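Chemist:
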Ligand SMILES: *Cc1c(COP(=O)(O)O)cnc(C)c1O
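Numbering (my numbering), first residue to last: -16 to 336.
(1) Taking Cβ positions, are residue 325 and residue 187 nearer each other than 8 Å?
(2) If you draw a straight line from the alpha carbon of residue 202 to that of residue 182, how long is it in whole angstroms?
(3) Okay, do the region 158 to 175 and the region 291 to 302 touch, 3+ Cβ pairs below 8 Å being the bar?
(4) Start and end of the alpha helix (DSSP H) containing residue 325?
(5) Looking at ligand 1, does it come within less than 7 Å of residue 58, judged from the CB to the closest heavy atom?
(6) Report buried or exposed for residue 297, applying the criterion of at least 16 other Cβ atoms within 10 angstroms of its Cβ.
(7) Check whether the Cβ of residue 83 lies closer than 7 Å to any heavy atom of ligand 1, and answer yes or no.
(8) Less than 7 Å separating the Cβ of residue 293 from some heavy atom of ligand 1?
(9) Measure the beta-carbon distance from residue 276 to residue 317 and round it to whole angstroms, keeping in mind my assumption that it falls under 8 Å.
(10) Using a threshold of 8 Å, state whether the C-beta atoms of residue 214 and residue 67 are closer than that.
(11) Could you round the C-beta distance between residue 333 and residue 247 to whole angstroms and report it? I think they count as a contact, below 8 Å.
(12) In three-state DSSP terms, what is residue 37?
(13) Is the distance from the Cβ of residue 89 to the Cβ of residue 73 below 8 Å?
(14) How is the alpha helix (DSSP H) around residue 223 delimited, first residue to last?
(15) Pair every Cβ in the region 206 to 226 with every Cβ in the region 240 to 255, then say whether three or more of these pairs are closer than 8 Å.
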């Protein structure tokens, strides 16, 4: 098999070793296939516990927080977070940095909350991260999206809001070090940087659980239920949790998030340097807000160069470089497992154009 260079935006590339171990477990996981094993079996309960513990280890999760694996993706997370974080005022502040943030706002409104968008970069095509905003006194929480997967912006530091902070980290969790204690609730679909699609990770401060002002929540949407049942309220996404666990083992055995962050910085520097110095290309995003995970760029002269550039990267075995459908151009997603060598292949082609 000749391996391609996967710059796709999600599901993500995972380390080759993880693919190998995962495929082995499909055939033999203590005498059964991981695909047929009972989620209540001792062997799988151990996997779930290890996955939760490795999340805590990788991110230095402090005491007083729980790690939960659910289904439904970040898209259900938009609703779950709003419902669980709603307090007396039923009002929340959101920073709108792109399409996913907009969807989070929609779902909070569906949950019956009053949403105040305290900052937005929508008028400028979401090309920057807003930094000036005032947090109203009467909001129950503030919601941000750490990395804008579609437009390619990223919070480089997190705002101090004086209110419980909630964050959708779907597309950059485990890519860099950060302080979990700054957040009351973090959620992330597994398929961008953690594992195969299917699982959704929640890291929640225990003291916020069970305090929703919306009354009794639908059972699956109540995080306190899942925390008490240790992510085994119903059948969890067994395979996704298993492979996420393997990937976390791999991450920690290779220097953890710190080493990963250094590698991610190198990859980003290599590609942004080329975009900035090669007159055939341009970037759209505010320099200081550029995402290290999703690099959005354009040809300076599409009419002249598009056909040849597309041919070049296709021939080099690069996949997933096409820009988001409404945005055009190109998007190079460089999730954790994408090797530096793949970025070098792309940069070499850009030089050739
Ligand atoms: C991909 C993505 C989502 C949607 O995730 P699903 O798991 O498909 O629901 C939400 N937020 C961000 C930041 C994303 O990158």
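Ideal placement from N, C-alpha and C gives every residue a C-beta, glycine not left out. Note that the structure is a prediction, hence the values are computed from the model and not measured.
Modeler: This is what the structure gives:
(1) no
(2) 18 Å
(3) no
(4) 323 to 335
(5) yes
(6) exposed
(7) yes
(8) no
(9) 6 Å
(10) no
(11) With 8 Å as the limit, residue 333 and residue 247 do not qualify as a contact, their Cβ atoms being about 19 Å apart.
(12) helix
(13) no
(14) 221 to 236
(15) no
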